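Written below as structure tokens is the structure these notes are about.
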Amino acid sequence: MILLAAVVFYAGCRRQPSEHTTGMAGGTPDTFTVAFYNVENCFDNEFDGHEYTEYRPNATNWNSEMHRRKLENVGSVCAAMNAEVLTLCEVEDRDALAQLREVIGEKGCRYRYHAIIDTPEAASSTSPALLSSYPVRGVHALRVRLPAAVTTRDILEVDVQIGEVPLKLFINHWPSKHHPESFRMAAAKRLADRLAELPAGTDYLVVGDFNCDYDEFSNFTTFGHNDTRGRTGINDLLGTVRKTAGGAVRPASESEVISGGFPSHYDLWLELPLKQRMSYVYRGNLQTPDHIILPPSLYDSSGISYVDNSFRPFNWDGRLLSYGKPLRWKMRYSRGKKYHTGEGYSDHLPVSARFAVSPFGGFVLENPAGIPPQNDAADAQGWFEYHGNGWVADDNRVRVSRDTIAPAAGRYALHVVAPAQKKNLTAARTVLPGGVSGENRSISFSVRGNGAVCFRWRAVGEKKWRYHSPVTGKVSGAARYEPITWRDWHRISLQVSAAGEEPVEVELRSGKEIALDLWIDR
-17 MILLAAVVFY
-7 AGCRRQPSEH
3 TTGMAGGTPD
13 TFTVAFYNVE
23 NCFDNEFDGH
33 EYTEYRPNAT
43 NWNSEMHRRK
53 LENVGSVCAA
63 MNAEVLTLCE
73 VEDRDALAQL
83 REVIGEKGCR
93 YRYHAIIDTP
103 EAASSTSPAL
113 LSSYPVRGVH
123 ALRVRLPAAV
133 TTRDILEVDV
143 QIGEVPLKLF
153 INHWPSKHHP
163 ESFRMAAAKR
173 LADRLAELPA
183 GTDYLVVGDF
193 NCDYDEFSNF
203 TTFGHNDTRG
213 RTGINDLLGT
223 VRKTAGGAVR
233 PASESEVISG
243 GFPSHYDLWL
253 ELPLKQRMSY
263 VYRGNLQTPD
273 HIILPPSLYD
283 SSGISYVDNS
293 FRPFNWDGRL
303 LSYGKPLRWK
313 MRYSRGKKYH
323 TGEGYSDHLP
333 VSARFAVSPF
343 GGFVLENPAG
353 IPPQNDAADA
363 QGWFEYHGNG
373 WVADDNRVRV
383 SRDTIAPAAG
393 RYALHVVAPA
403 QKKNLTAART
413 VLPGGVSGEN
423 RSISFSVRGN
433 GAVCFRWRAV
443 GEKKWRYHSP
453 VTGKVSGAAR
463 YEPITWRDWH
473 RISLQVSAAG
483 EEPVEVELRS
493 GKEIALDLWI
503 DR
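For the record, in the sequence shown the residue sitting at position 325 is 307 according to the numbering used here, with numbers rising by one throughout.
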């Protein structure tokens, strides 16, 4: 049985006055903030039977002291954000939410209303939740059915009354990437079906940890998640991408969503410069699993609208970061068990955005990123215009990003950076699509920069790699790391005809004891 908890009164909402809570006649605010935070396993200190092993009281060192430290750390982040509507995931149950809310209140940010899907009997140990300064008018659970009868977290649907105006929120925590894309596609379909039932013009927000990037279509094949014939839940079913005239796929621009039709949702990550698009880091890859996604109704002249360019990941002036990564709740290993250190916050950064009870454009923030508008003309100019073309880092010490410094074509090239290492390593990798056969099949791209490098490739499913030296152009069965210092672009061509029509794995290898600073472009 699913219990939907929505306890409505809790002390008073005592919040310091700020520029976004100035208020209007009748108690309706001018603007307000909505935030989302994956709090990384916010459990209580009671044994209910569905906790992760390391969060069972006294199974390791999860006790009243560690429990209080976790609440203090996460609660301090929530209070510092000071959002009028705070959405959460990885909260154990209503008791854990009540304890977190109490700690946030002790820090001066008191929420009067809350909602949570309370499902302790489910296979999932945590649920999405909401804390709100505004009244909760309705709470519903959208049950997600997964392949192979696997259970997962439901989607929390909450109706919040912002003064005289209703706002609907859908709080998500989709299946993790331990599973292929079909699992997240099931969650996306449940959500998309519900959105299709809403009356035209309904003001709603889609928020949560989707375990997908805003450009998931560009790299989920490389990560080995593509069991859906190239379709993703967040991009295809929620309509956050569009196809260009040349058939390429790219994230939908804000203006395209405003115009209505398909694409049907705008992902606010696109408002930020590329190097700021991060709420999570996996093996050196800056990722964006935490989203606030908007429909066209938040850009119209009625009800609630988005305050343009207000989206931000929240790092609390750097306090939530360690060496460029979220400072997660720390654990140590001893004799095969995990023990809590009492330090850190979450492995995710919170994200937030501001909204106004006025027509779109009534409140405007300048675009601090200076991001150029997306257009079809740019789509055809280069390989890396809107995504990384499948290239991902393969090591925590490596950084793979797009860069505007002297690309070979278009506005961006791929930039791969790694410090000198004691051992050879795979710096970056991609999986390129098949479908092309013949004796002269090849993969070509341009390279410049510094390092001791070689490329290797094989058809997906093969065991044997073939290695290409960018200096001599020779192909061999073993790696040969030869130093390069190329200020100008050099053309690389990998002959892959033996792979037939199968997709091809390609890796950039970096030799030991020499730092890597390399650009790749078409």
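Glycine included, every Cβ here is placed at the ideal spot set by N, Cα and C. In this text, all values refer to a predicted model and were calculated from it rather than measured experimentally.
Query - Per-residue burial, PRO332 [other beta carbons within 10 Å of its own, 16 or more giving buried] - result: buried
Query - Integer-rounded CB distance, given that CYS194 should sit under 8 angstroms from THR210 - result: The pair is not a contact, with the Cβ atoms about 12 angstroms apart (cut-off 8 angstroms).
Report task. Determine the direct distance from the alpha carbon of ASN378 to that of VAL399, and round the result to whole angstroms. Result -> 11 angstroms
Report task. Note down, in chain order, each residue of its chain lying with its Cβ closer than 8 angstroms to the Cβ of GLN403, except the 5 sequence neighbours on either side. Result -> ARG379, SER492, LYS494, GLU495
Requested in this report: Check whether the Cβ atoms of VAL73 and ALA17 lie closer than 7 angstroms to each other.
Outcome: no
Query - the segment 280 to 289 in contact with the segment 177 to 192 per 3-pair CB rule at 8 angstroms - result: yes
Query raised in the report: Taking just the CA atoms, how far does PHE25 sit from LYS52?
Result: 9 angstroms
Report task. Could you name the residues of the same chain whose beta carbon sits closer than 7 angstroms to that of PHE29, not counting the 5 residues immediately before and after it, in chain order? Result -> ARG38, PRO39
**Report entry** Nearest neighbour of TYR95, chosen from GLY459, GLN143, PHE165, ALA130 [CA to CA]
**Finding:** GLN143
Query raised in the report: Span of the beta strand (DSSP E) holding HIS96?
Result: 95 to 100
**Report entry** Start and end residues, alpha helix (DSSP H) containing ILE240
**Finding:** 236 to 240
Query raised in the report: Considering only residues of the segment 195 to 257, which uninterrupted alpha helix (DSSP H) runs meet the minimum length of 4 residues and lie entirely inside it, listed in chain order?
Result: 236 to 240
**Report entry** N- and C-terminal bounds of the alpha helix (DSSP H) containing ALA169
**Finding:** 163 to 179
Requested in this report: Flag this pair as yes or no: are the beta carbons of TRP439 and ARG448 separated by less than 7 angstroms?
Outcome: yes
Query raised in the report: Would you call the segment 297 to 317 and the segment 272 to 280 in contact, with 3 or more CB pairs under 8 angstroms?
Result: no
Requested in this report: Ignore the nearest five residues each way along the sequence and tell me which others in VAL21's own chain have a CB closer than 7 angstroms to its CB.
Outcome: VAL56, LEU70, GLU72, VAL73, SER328
Query - Residue span of the alpha helix (DSSP H) that contains GLU54, given as start and end - result: 46 to 63
Query raised in the report: Nearest to PHE165 by alpha carbon, out of ILE474, PHE192, TYR315?
Result: PHE192
Query raised in the report: Where do the N-terminal and C-terminal ends of the beta strand (DSSP E) with ILE86 fall, by residue?
Result: Segment 76 to 88 is the alpha helix (DSSP H) holding ILE86; no beta strand (DSSP E) there.
Report task. Round the Cβ separation of GLY221 and PRO255 to the nearest angstrom and send it over; I've been treating them as touching at under 8 angstroms. Result -> No, GLY221 and PRO255 are not in contact; Cβ-Cβ is about 24 angstroms, not under 8 angstroms.
Query raised in the report: Under three-state DSSP, which class holds ALA409?
Result: strand
Query raised in the report: Going by the beta-carbon positions, is the gap between ARG384 and SER428 smaller than 7 angstroms?
Result: no
Query - GLU36 in three-state terms, based on DSSP - result: helix
Query raised in the report: If PRO157 and LEU138 are in contact, beta carbons under 8 angstroms, what's the gap, nearest whole angstrom?
Result: Not quite, the Cβ-Cβ distance comes to about 16 angstroms (not below 8 angstroms), so this is no contact.
Query raised in the report: Hey, would you say ALA168 sits closer than 7 angstroms to VAL140, going by beta carbons?
Result: no
Query raised in the report: Which residues share a DSSP beta bridge with ARG384?
Result: LEU396
**Report entry** Helix, strand or coil at TYR463 according to DSSP, with G and I counted as helix
**Finding:** coil
Query - Simplified DSSP state of PRO401, which is helix, strand or coil - result: coil
Requested in this report: Please check if any C-beta of chain D sits within less than 7 angstroms of the C-beta of GLU325.
Outcome: The structure shown has no chain D; it contains just one protein chain.
Requested in this report: Ignore the nearest five residues each way along the sequence and tell me which others in SER233's own chain have a CB closer than 7 angstroms to its CB.
Outcome: Correcting the residue type first, residue 233 is Pro in the shown sequence and not Ser. Around PRO233: TYR196, ASP197, THR222, VAL223, ASP249, LEU252, TYR368.
Requested in this report: Express the C-alpha separation of THR467 and PRO341 in angstroms, rounding to a whole number.
Outcome: 55 angstroms
Query - Neighbour-count burial assignment, SER426, 16 or more Cβ in a 10 Å radius - result: exposed
Query - Contact set for ILE216: own chain, Cβ-Cβ below 7 angstroms, skip 5 residues either direction - result: ALA170, PHE192, CYS194, GLU198, THR222
Query raised in the report: Taking the continuous beta strand (DSSP E) assigned at PRO389, which residues delimit it?
Result: Taken as a continuous stretch (DSSP letters only), PRO389 belongs to no beta strand (DSSP E), as it is neither H nor E.
**Report entry** C-alpha gap between ARG176 and ALA123, whole angstroms
**Finding:** 11 angstroms
Query raised in the report: Helix or strand or just coil, what does DSSP make of LEU280?
Result: helix
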